[in-house]
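Q:
Protein chains in written order, with this note's numbering: chain W, 39 to 815; chain G, 35 to 262.
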C-alpha cells in the first residue's frame with residue numbers, strides 16, 4: 039500500500055464551504071417554530087438564594103417560560119461526575135440551575151425561553167432573585183487557610199483532593215545533593231476563548247420520540263449517552279450533532295455544561311425547538327477556564343548540572359466545582375519531568391475550590407505548568423552553577439537508545455507513564471542550530487552595547503498524546519466510487535476531513551477529494567469518546583487506517599472474482615481495481631461496490647457482509663509521546679515593558695506526519711495561544727472573586743500584530759504503538775511557550791536582575807519587575 | 035416596541051424587513067436575510083468576525099443597528115465567490131491553510147478585501163497591522179498573513195479592479211467569467227490530484243468578478259478603520 043497522500047501538503051477538503059460562508063455552526067441552525075433561550079446568571083461569587091420571583095418575567099409578551107431550580111425536578115440534581123478518581127474525595131458538580139446557593143459569578147440561576155433572544159434577555163432583567171451575598175474566596179492560597187470562606191459549606195474544607203506521585207528516593211537524593219535550589223512559581227488563569235462561543239439547539243419530536251441536539255461540543259457521543267440517561271430515552275432516539283465547531287481547545291468538552299441539559303429539556307417541555315447561544319460576556323464567566331496553579335518547587339543537582347531529584351508541592355485551583363476530576367493537575371504532575379532523566383521525583387498537590395469559574399482542561403491541560411516549573415528550575419541550575427542553559431538541558435536529556443523510557447509515574451489514562459519513542463537530543467540541537475545559538479553570546483553582547491535588551495530562551499517538553507480508550511470508524515465505498523468515512527471524533531478546526539481522508543485515500547487508491555469524512559454526528563457513528571488530549575489523529579486516524587485496509591481487502595476479493603484473477607494480483611489505484619501488469623483488466627471501485635451488494639444470487643461461502651464497507655476500532659495500549667523544543671529571541675523595551683520577537687523557532691516531533699501543512703497550522707495556533715498565556719491573557723478577579731476581564735477589551739487575545747512569524751521544523755520519530763506511527767500534536771504549540779518566553783525575558787533583563795517566576799506577564803508587570811530588580815542589589 | 039422598515043441590498047439582492055430599532059445589523063443579516071456566513075464572535079466590536087462591507091467600507095455589523103443600514107449596499111462573505119469560483123482572496127486562504135475552524139474567516143476575508151483594495155502592495159508589517167482588528171484563535175495568523183500577501187500578488191498580477199467592491203455603487207449585472215480550463219477550480223469537485231503547493235489558481239489572470247463593479251481601483255474610496 040502506497041503512501042501517496044499521507045505526508046503530503048494537501049489543501050483541506052473542509053475549506054471551500056467555510057470560505058464561502060456556507061459552514062454550518064450551531065448558531066446557523068434555524069428550525070421552524072424555534073424559540074430562544076437566555077440564562078440568568080449569578081452576579082455574586084458567593085451568595086445564598088432565598089427566593090426567585092419570576093412573575094414579572096413570565097408576564098412579558100413573547101415569553102414562553104421561565105424556569106428555576108424548583109421546576110427541574112429530578113433533573114435539578116448535580117450534574118454527572120465525569121471523571122472520578124480515588125483521591126478526589128469531594129467530587130462536587132453544579133446543578134443545572136442553582137438551588138439555594140451560588141458559588142461563582144456566572145452560575146446559572148434561571149432559564150428564560152421566548153420568541154426571540156432579545157425578549158428572553160428582557161425577561162431575564164425582570165427576574166428578582168433574593169440573594170444574600172456572602173464573603174467569597176478568590177485566591178487559592180486564601181482558600182486553604184483556616185477560616186477561609188467555604189465554597190461548599192457541607193464538606194467543611196475547600197480542599198477536595200490531595201494526591202502524591204513519587205519515583206525514586208527523593209528525600210535521600212536531596213539530602214545527598216551538592217546543590218539544591220528552591221523556587222515558587224505562579225501560573226495564573228486563562229481562558230480558551232474559541233471564537234465561536236458555546237451553543238445548543240434542540241428540537242424534540244414527540245411523535246417519533248426523537249430528540250435532536252445540535253451542540254458546539256468536542257464530545258457529541260458522550261453527550262448523547264448522558265442525555266439519554268438523564269431523560270430516560272433510548273440512546274438510539276437521541277441524536278447529537280456537533281456540526282462545524284468554531285474552535286474548542288478543551289473548553290467545549292465538559293459533559294455537562296448546564297445548558298446542554300437545560301435546552302433539550304426545555305424543548306421537550308415546550309414542544310418547540312429551543313436555541314441558546316452563549317454570548318461572549320457569558321462565555322468569559324460560564325465557559326470553563328484553566329491554568330491557575332501555585333508551585334513550590336525544588337531541584338537537586340550535582341556539580342555538573344545533572345538532575346538528582348525534583349520535588350514540588352502545588353495548589354490547583356479547580357474553581358467552584360470539579361466536574362472534570364483531577365486530569366489537569368495529574369497531567370501537570372506527569373508532564374513536569376519532561377525529556378529529562380529525573381532519577382527521583384515527588385509531586386504532591388491539593389485540588390482546591392474557590393468562588394471562581396470551574397476549571398477543566400484548556401489546550402495544554404496542565405502541561406504548560408509542568409514545563410514552566412521544570413524549565414525554570416533548570417534555568418536556575420544553569421545560573422547558579424555558571425553553566426550554559428542549553429548545555430544543562432543537553433546533559434540531562436533522555437538518550438535515543440533509552441526508549442521505551444519508563445518515567446515511573448502513572449499518567450492521566452491510568453497507564454504507566456512510558457515514553458514510546460523520540461530523539462530528544464536531535465530536536466534540541468536542531469533548534470539551537472536554527473536559532474543560531476552558538477552566535478548568541480556575541481549577538482547579545484552587541485545588542486547590549488547598543489543599549490538594547492535582547493534575550494534568548496530555549497525550552498523543551500514532552501507531550502502525552504493519543505490516549506485511549508478507543509475510537510472507531512466505518513468506511514463505505516458508494517456506488518459512485520466515492521468513499522464515506524464516518525467517525526465519532528468531531529473537529530473544531532483540526533482538519534479531520536482532510537487528514538483522515540488522506541489515510542483512507544492511500545489505502546483505497548483514491549484521492550482525498552474522493553473521500554467524504556463525517557464526524558461529530560451520532561446518527562452516523564455512535565461509538566467513541568471525543569476530540570481531546572491530542573488524540574484524534576492518533577486514535578481515530580489508526581481506526582481509519584484499519585477500516586480502510588479491511589475495505590481494501592474486500593474490494594480486492596470482489597475484484598478477483600470479477601476480473602478472474604488471483605486476489606494477490608489485484609491492485610487498487612486511480613479509483614480502480616486492476617490486475618497487476620494488465621491495467622486494461624480493471625473495474626472501478628464504484629462497480630465493485632455495486633457487485634458487492636447484488637439484488638439477487640447466492641453469496642459465496644466466505645461472504646462477510648454486503649457492500650464495500652468495514653467498521654474497525656483502534657485502542658492504543660497507552661499514550662504516544664510527542665516532544666519538541668522552542669527557542670526564541672525577544673527584545674524588551676524597559677520603558678514600555680513591551681516585547682518584540684525577533685525569532686521564534688519550533689522543532690517538533692510527533693512521529694509520522696499526515697499533513698505537514700495542517701500540523702504546522704496546529705503549531706502556529708498553539709504558539710499564539712501560548713504567547714497569550716505568557717504575556718497578554720490574564721483573567722483577573724478581584725478579592726471577592728468578581729471577574730474583571732469579561733470582554734475582549736480587558737482579556738487580550740494576541741492579534742496578528744503581536745504574534746511573530748514562526749519557524750517550524752519537524753523531526754519524525756515514528757511511534758511503535760500504532761500502525762501509522764503517528765503521535766498527537768494538537769496541544770504541542772502551547773506547552774513550552776511561557777517557559778521559553780520567561781527565560782528569554784530574564785536573559786534580556788539580566789542587567790536589571792529581573793527574576794521571572796510567573797505567567798502571564800504583562801507590560802506593567804515587566805516594568806514592575808525591572809523596577810524591583812533595580813532596587814535589589 | 036415600534037417596528038421600522040428596513041430596505042437594503044446585500045450582494046446585489048434586495049432585502050426588506052420590519053424590525054425593532056434595537057435589532058443589530060448582524061442579527062438582521064443572519065436572521066431576517068438568512069445569510070449566516072457573517073458570524074458573531076463577541077458582539078462588542080472587538081473580534082471582527084462580523085465584519086461586512088457597507089457602501090464599500092468595512093464595518094462591524096454587531097455594532098450597527100439594522101435601521102442604520104436602511105438604503106445601504108452591503109456585501110457579505112457570501113458575495114465574494116463568483117458561482118463556483120472562489121475570489122482570489124478566498125483561493126489564497128485555501129491554498130495557504132489560512133483557516134482552521136473557519137469561524138473568524140468571513141470577517142478576515144472581508145477585512146482582507148478592503149485592506150488589499152487600499153493597500154495593493156502591502157509589506158508583511160502592513161498586513162499584520164491591517165488585520166490586527168480581527169481575532170483568530172486557531173491559526174496564529176501566520177498563514178492568514180501569507181494568504182493575504184499571496185492574494186495581493188495574485189491581484190496585482192493583472193488589472194482586476196472588479197475583484198474589489200466599489201463604494202456606494204449599485205451592483206451591475208453579473209458578467210460571465212471567461213474561465214481558463216486549467217484554473218484550479220474553486221470549490222468542491224477539485225481536480226483529481228490536489229497534491230503540491232497548489233499556489234497556482236489565485237494567479238490566473240483574466241477573470242472578472244461577479245459583482246461587476248467596474249470602478250478602477252484608484253478611484254475607490256478609502257475605507258475607514260472598522261468601526262469599534
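Built from N, CA and C at the ideal position, the CB exists for glycine as well.
1. Identify each residue in the region 127–140 of chain G for which the Cβ-Cβ distance to at least one residue of chain W is less than 7 Å, and report them in chain order.
2. Where does residue 680 (chain W) sit, in a helix, a strand or coil, going by DSSP?
3. As a quick exercise: from W:439, W:798, W:214, W:189, pick the residue whose alpha carbon is nearest that of residue 357 (chain W).
4. What does the alpha-carbon distance come out to for the pair residue 448 (chain W) and residue 662 (chain W)?
5. Can you tell which of W:632, W:383, W:77 has the C-alpha that lies nearest to the C-alpha of residue 236 (chain W)?
6. Quick check on this structure: which residue in G:120, G:145, G:106 has the alpha carbon closest to the alpha carbon of residue 55 (chain W)?
7. Return yes when the Cβ of residue 414 (chain W) is within less than 9 Å of the Cβ of residue 794 (chain W), no when it is not.
8. Is it a yes or a no for the region 168–177 of chain G touching the region 693–707 of chain W, going by three-plus beta-carbon pairs under 8 Å?
9. When you compare each of W:244, W:765, W:276 to residue 264 (chain W) by their alpha carbons, which one comes out closest?
10. Does DSSP put residue 37 (chain G) in a helix, a strand or coil?
11. With H, G and I counted as helix, E and B as strand and the rest as coil, what does DSSP make of residue 554 (chain W)?
12. Around the Cβ of residue 755 (chain W), are there at least 16 other Cβ atoms within 10 angstroms (buried) or fewer (exposed)?
13. Examine chain W for any beta-carbon lying closer than 9 Å to the beta-carbon of residue 80 (chain G), and answer yes or no.
14. Start and end of the beta strand (DSSP E) containing residue 331 (chain W)?
15. So with Cβ pairs under 9 Å, would you call residue 102 (chain G) a contact of chain W?
16. Please list the partners that residue 745 (chain W) has in chain G, where partner means a Cβ-to-Cβ separation under 7 Å.
17. Taking the C-alpha atoms as reference points, what is the distance between residue 450 (chain W) and residue 150 (chain W)?
18. Taking 6 Å as the limit between beta carbons, can you name the residues of its chain near residue 46 (chain W), skipping five residues before and five after?
19. So, at 6 Å on beta carbons, what are the nonlocal neighbours of residue 603 (chain W) in its own chain, with the 5 sequence-adjacent residues on each side left out?
20. Give me the chain G residues within the contact set of residue 729 (chain W), using Cβ-Cβ distance strictly less than 9 Å, ordered along the chain.
21. In chain G, which residues lie with their C-beta within 8 Å of the C-beta of residue 818 (chain W)?
22. Return the chain-ordered list of same chain residues with a C-beta closer than 7 Å to the C-beta of residue 365 (chain W), the five sequence neighbours on each side being excluded.
23. Closer than 8 Å by beta-carbon distance: list the chain W residues that pair up with residue 37 (chain G), in chain order.
24. Would you decide whether residue 176 (chain W) is buried or exposed? Buried here means 16 or more other CB atoms lie within 10 Å of its CB.
25. With a cut-off of 9 Å, does the C-beta of residue 241 (chain G) fall near any C-beta of chain W?
26. For the region 266–332 of chain W, which segments carrying the beta strand (DSSP E) assignment without a break, of at least 3 residues, lie completely within its bounds, in sequence order?
27. Compare the C-beta of residue 156 (chain W) against all C-beta atoms of chain G and say whether one is closer than 9 Å.
28. Looking at the unbroken beta strand (DSSP E) that takes in residue 777 (chain W), where does it start and where does it end?
29. Which two residues bound the contiguous alpha helix (DSSP H) that contains residue 565 (chain W)?
30. How far does the beta strand (DSSP E) with residue 665 (chain W) in it reach, from first residue to last?
31. So residue 144 (chain G) is in the alpha helix (DSSP H); what residue range does that whole segment cover?
32. Taking the beta carbon of residue 168 (chain G) as the centre, do at least 16 other beta carbons fall within 10 Å, making it buried, or is it exposed?
33. Please work out which residues of its chain come closer than 8 Å, Cβ to Cβ, to residue 258 (chain W), disregarding the five sequence neighbours upstream and downstream, and give them in chain order.
34. Would you identify the three-state DSSP class for residue 800 (chain W), choosing helix, strand or coil?
35. Taking 9 Å as the CB-CB limit, is residue 68 (chain G) close to chain W?
36. Give a yes or no on whether 9 Å exceeds the smallest Cβ distance from residue 610 (chain W) to chain G.
A: Concretely, from the data shown:
1. 127, 128, 129, 131, 133, 134, 135, 136, 137, 138, 139, 140
2. Indexing the first chain from 1 puts residue 680 (chain W) at position 642. Strand at residue 680 (chain W).
3. Taking the first chain and counting its residues from 1, one reaches residue 357 (chain W) at position 319. The residue with the shortest Cα to Cα distance from residue 357 (chain W) is W:189.
4. Numbered from its first residue, the first chain carries residue 448 (chain W) at position 410. Numbered from its first residue, the first chain carries residue 662 (chain W) at position 624. Rounded to whole angstroms, residue 448 (chain W) to residue 662 (chain W) spans 14 Å at the Cα level.
5. In the first chain, residue 236 (chain W) corresponds to position 198, counting from 1. With distances taken between Cα atoms, residue 236 (chain W) lies closest to W:77.
6. Within the first chain, numbered from 1, the residue matching residue 55 (chain W) stands at position 17. If we check each option's Cα against that of residue 55 (chain W), G:120 comes out closest.
7. Within the first chain, residue 794 (chain W) is the residue found at index 756, counting from 1. Within the first chain, residue 414 (chain W) is the residue found at index 376, counting from 1. Yes, these two residues count as a Cβ contact at 9 Å.
8. yes
9. Residue numbering aside, residue 264 (chain W) sits at position 226 when the first chain is read from its first letter. Looking at the Cα atoms, W:276 is the closest of the given residues.
10. Taking the second chain and counting its residues from 1, one reaches residue 37 (chain G) at position 3. Of the three classes helix, strand and coil, the one that applies to residue 37 (chain G) here is strand, per DSSP.
11. Residue numbering aside, residue 554 (chain W) sits at position 516 when the first chain is read from its first letter. Strand, per DSSP.
12. Along the first chain, read from residue 1 onward, the residue named residue 755 (chain W) stands at position 717. It is buried - the Cβ of residue 755 (chain W) has at least 16 other Cβ atoms within 10 Å.
13. For the purposes of this step, residue 80 (chain G) is taken as residue 46 along the second chain, with counting starting at 1. For residue 80 (chain G), the answer is yes, since a Cβ of chain W falls inside 9 Å of its Cβ.
14. Locating residue 331 (chain W) in the first chain gives position 293, where the first residue counts as 1. Per DSSP, residue 331 (chain W) belongs to the beta strand (DSSP E) from 331–339.
15. Looking up residue 102 (chain G) in the second chain gives position 68. Judged by the 9 Å Cβ criterion, residue 102 (chain G) is not in contact with chain W.
16. In the first chain, the residue the question calls residue 745 (chain W) occupies position 707. Result: 174, 175.
17. For the purposes of this step, residue 450 (chain W) is taken as residue 412 along the first chain, with counting starting at 1. For the purposes of this step, residue 150 (chain W) is taken as residue 112 along the first chain, with counting starting at 1. When rounded, the distance between both Cα atoms is 39 Å.
18. Position 8 of the first chain, counted from the first residue, corresponds to residue 46 (chain W). Closer than 6 Å at the Cβ level, and outside the excluded window around residue 46 (chain W), lies no residue.
19. Here residue 603 (chain W) refers to the residue found at position 565 of the first chain. So the list reads 617, once near-sequence residues are dropped.
20. Taking the first residue of the first chain as position 1, residue 729 (chain W) is located at position 691. The premise fails here: residue 729 (chain W) is roughly 15 Å from chain G at the closest Cβ pair, so nothing lies under 9 Å.
21. Nothing can be reported for residue 818 (chain W): it is not among the residues displayed for chain W, which extend from 39 to 815.
22. Counted from its first residue, the first chain places residue 365 (chain W) at position 327. These residues qualify, in order along the chain: 121, 399, 403, 450.
23. Within the second chain, residue 37 (chain G) is the residue found at index 3, counting from 1. In chain order: nothing, as chain W lies at least about 13 Å away.
24. Position 138 of the first chain, counting from 1, holds the residue named residue 176 (chain W). By the neighbour-count rule (16 or more Cβ atoms within 10 Å), residue 176 (chain W) is buried.
25. As a position in the second chain, residue 241 (chain G) is number 207, starting the count at 1. At residue 241 (chain G) the pLDDT is 28, less than 50, meaning the model places this residue with poor confidence; the figure from the coordinates comes in the next sentence. Cβ-Cβ to chain W under 9 Å: no for residue 241 (chain G).
26. 276–279, 312–315
27. In the first chain, the residue the question calls residue 156 (chain W) occupies position 118. Chain G contact via Cβ: present.
28. Locating residue 777 (chain W) in the first chain gives position 739, counting from the first residue. Unbroken run through residue 777 (chain W) is the alpha helix (DSSP H), 775–786; no beta strand (DSSP E).
29. What you label residue 565 (chain W) is simply residue 527 of the first chain in a count that begins at 1. First-last for residue 565 (chain W): undefined, no H or E at that position.
30. The sequence position of residue 665 (chain W) within the first chain is 627, counting from 1. That run of the beta strand (DSSP E) goes 662–675.
31. One-based indexing of the second chain puts residue 144 (chain G) at position 110. Taken as a continuous stretch (DSSP letters only), the alpha helix (DSSP H) holding residue 144 (chain G) covers 139–152.
32. Here residue 168 (chain G) refers to the residue found at position 134 when the second chain is read from its first residue. Per the 10 Å Cβ criterion, buried.
33. Mapped onto the first chain, residue 258 (chain W) falls at position 220. Answer for residue 258 (chain W): 278, 279, 280, 526, 528, 558, 559, 560, 568, listed in chain order.
34. The residue given as residue 800 (chain W) occupies position 762 in the first chain. Residue 800 (chain W) falls in the coil class under three-state DSSP.
35. For the purposes of this step, residue 68 (chain G) is taken as the residue at position 34 of the second chain. True, the Cβ-Cβ gap to chain W drops below 9 Å.
36. Mapped onto the first chain, residue 610 (chain W) falls at position 572. Residue 610 (chain W) does not count as touching chain G.
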